[in-house]
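Quick note: the sequence shown uses the working numbering, first residue 54, plus one each step.
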Amino acid sequence: MLPPRPGATRFNGARPPTTAVVGGGIAGLAAATALAERGVRVTLYERQPDLGGRLSGRPVGLRDGSTVTMSRGFHAFFRQYYNLRGLLRRTDPRLERLTALPDYPLRHSAGLHDSFRRVPRTPPWSALGFVALSPTFGLRDLIRMNPVAALPLLDVSVPDVYTRLDAVSAHDFLRSIRFPEAAHHLAFEVFSRSFFADPRELSAAEMALMFHIYFLGSSEGLLFDVPDEPFPTALWDPLAGYLLRHRVEVRTSTSVESVAPTRDGGFAVATPEETGRHDTVVLALDAGGLRSLAGRSPTLADAPWRERMARLRNAPPFLVSRLWLDRPVARDRPGFLGTSGYGTLDNVSVLERWEGEAARWSARTGGSVVELHAYALPEDAVREVEQKRMLEQLCRVYPETRAATVVDERHEWRADCPLFPVGGYHDRPTVRTPEPGLVVAGDLVRTGLPVALMERAATSGFLAANALLERWGVRGQTLWTVPDGGRSAVLRRVARWGSA
Ligand SMILES: Cc1cc2nc3c(=O)[nH]c(=O)nc-3n(C[C@H](O)[C@H](O)[C@H](O)COP(=O)(O)OP(=O)(O)OC[C@H]3O[C@@H](n4cnc5c(N)ncnc54)[C@H](O)[C@@H]3O)c2cc1C
């Protein structure tokens, strides 16, 4: 638990401070929520017409006359996402709009399957149980492994893990442990690709952190929930209502062009229509958005900070394809399946298994709503070719889809996830900047805490709000994370022995 600095519970003065939150993804929504709840006057600027950032959604009309919601694709809400769940609880106290998927199954084209349902959740049994139950670890594989190289995984803490492993790629780290080839491809490649990067490019520290969050550092395991309706209905429309009730001015379809410090210690925030003055600013942008905004704001923070922002990199492009099929997939197909060895295909979801809107479409038409993801595609990938290839892979994974007709399809090609390259940790932005009234949030931010992906976005948003509230003597949000270090004293000692 990370308690906030002591202080007043909220502003009660005549003129509350004003904050511009730039970016309406999870990070910006978390920051805006924490600030507005304590009486700060928040203006939330979002370039897109909808809130939610990479989890936004919009209505689309299908060829069969139905109106459905197309989103940026399947997201797993892991049980370790304490701060994100705290944000969602603002409008859904019992998290009834999240629904559990029973398993996280993985399948390799060579026929191997893995599953996390039966794996114990208490460390170290979680990791040992996975090894014992996984068909990818044979006795001979275990004997070949280099356990000393794996010792850093037993005691992961932040930022120490970056000091030790940021200079190594996830791929080389796994090779040094001599992980069985099959486990390498099935379990770990699936994880590292969920950072949208080739394991050869991804920092081993990020992978070790994932291993800690899901295996050795928590008791929740790799099981997760998903929203039971499309993201806008289940998550963002209720949260937008909550923000409006807290007097947040939500400006969607409004891109911030530049931010400049003003002489009186505030900030001029320029949009194409106008320039507004705010006491403080939260930049809650994706990597490309932050890089270009910093580039257009030549007086913001200081030159070294702007140079670091200019070096931020996006992960390679990815494709999310949603297909509305005229017939159902087989009854036993799970709601989500991680795949390996099927060309570029990384996972398949069957939406009617868990999403109300898809279930209603399926019940009405007798069809299935299937979503396919492919991460880390080549920059020069030809869209039509990749889309066709993914469909061919679906037919290999679920052969019954060969006979199906595609009623309609939508494809999302994007490249807005951050890349965590080998050796890049020190270039990443921190929440605080050289300018005390300017803070940064987002899943690319160095938080100093064991969090990743959506949870890093939510946690950094709250941290950014806390940093501002602290200046005004107002108490911020209490934060929770999995333990920052190995949970077992024995294993911690073993890890220390290994690194001595
Ligand atoms: C296909 C896919 C699957 C994923 N699956 C998972 C998963 O299963 N589990 C998980 O934890 N994470 C997952 N993620 C990652 C997750 O989506 C992100 O970690 C999270 O959404 C990041 O939130 P954010 O607020 O940091 O950034 P974003 O959501 O990118 O928000 C940044 C916002 O800033 C806005 N913006 C940019 N420039 C400007 C500007 N100049 N002015 C105003 N607004 C601007 C953008 O439009 C955007 O809305 C997945 C991501 C993708 C793409």
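The beta-carbon is built from N, C-alpha and C at its ideal position, and this holds for glycine as well. Owing to the predicted nature of the structure, the values given are computational and were not obtained by experimental measurement.
Restricting attention to alpha helix (DSSP H) runs no shorter than 4 residues, the stretch 457-515 encloses none. In this structure, glutamate 282 sits away from proline 474, with a CB-CB distance that is not shorter than 9 Å.
Nearest in C-alpha terms to valine 221, of all of Val201, Pro233, Leu288, Ser256, is Ser256. For serine 271, no alpha helix (DSSP H) segment is defined, and its DSSP state is neither H nor E. Contact check for phenylalanine 264 and leucine 204: beta-carbon distance about 12 Å, past the 8 Å limit, so the pair fails to qualify. Here glutamate 282 carries a coil assignment [DSSP, helix/strand/coil]. Between threonine 96 and threonine 122, the gap from beta carbon to beta carbon reaches 9 Å or more.
Taking C-alpha positions only, alanine 429 is separated from glycine 78 by approximately 22 Å.
Comparing alpha carbon positions, the residue from Ser272, Ala494, Asp219, Asp194 closest to alanine 340 is Ala494.
Under the three-pair Cβ rule at 8 Å, the stretch 391-399 does not count as touching the stretch 470-489.
When the five nearest sequence neighbours on each side are left out, the beta carbons in the same chain lying within less than 8 Å of the beta carbon of phenylalanine 249 are those of Ala368, Pro369, Phe371, Tyr428, Ala429, Cys470, Leu472, in order along the chain. In this structure the stretch 528-542 lies against the stretch 135-143, because at least three pairs of beta carbons, one per stretch, are closer than 8 Å. For valine 423, the closest alpha carbon among the candidates Ser402, Pro155, Val527 is that of Ser402. By the neighbour-count criterion, in which a residue is buried when 16 or more other Cβ atoms sit within 10 angstroms of its Cβ, aspartate 225 is exposed.
For alanine 293, the three-state secondary structure derived from DSSP is helix. Rounded to whole angstroms, the Cβ separation of leucine 276 and tyrosine 157 is 6 Å, and the two are in contact under 8 Å. Following the DSSP letters along the chain, one finds serine 229 inside the alpha helix (DSSP H) bounded by residues 223-230. One Cα belongs to arginine 107, the other to valine 75, and the distance between them is close to 15 Å. Taking a contact to require three or more Cβ pairs closer than 8 Å, the stretch 316-330 and the stretch 502-509 do not qualify as touching. For alanine 383, there is no enclosing beta strand (DSSP E), as DSSP marks it with neither H nor E.
Listed in chain order, the alpha helix (DSSP H) elements of length 4 or more contained wholly in the stretch 107-154 are 135-142. A straight line joining the alpha-carbon of phenylalanine 64 with that of arginine 298 spans about 16 Å.
DSSP, reduced to helix, strand and coil, places aspartate 103 outside both helices and strands of the structure shown, so it counts as coil. Cβ neighbours of leucine 378 within its own chain (closer than 8 Å, five residues either side excluded): Gly420, Ser421, Val422, Val423, Thr454, Ala457, Thr458, Val459, Val460.
Listed in chain order, the non-local C-beta contacts of valine 209 below 8 Å within the same chain comprise Ala261, Leu262, Phe264, His265, Leu269, Gly270, Pro503, Gly538, Gly539, local neighbours out to five positions each way being set aside. In the DSSP assignment, phenylalanine 320 falls within the beta strand (DSSP E) that extends over 320-323. For isoleucine 79, the shortest C-beta to heavy atom distance toward ligand 1 is below 8 Å.
Remark: C-beta atoms of alanine 412 and leucine 404 approach each other more closely than 9 Å.
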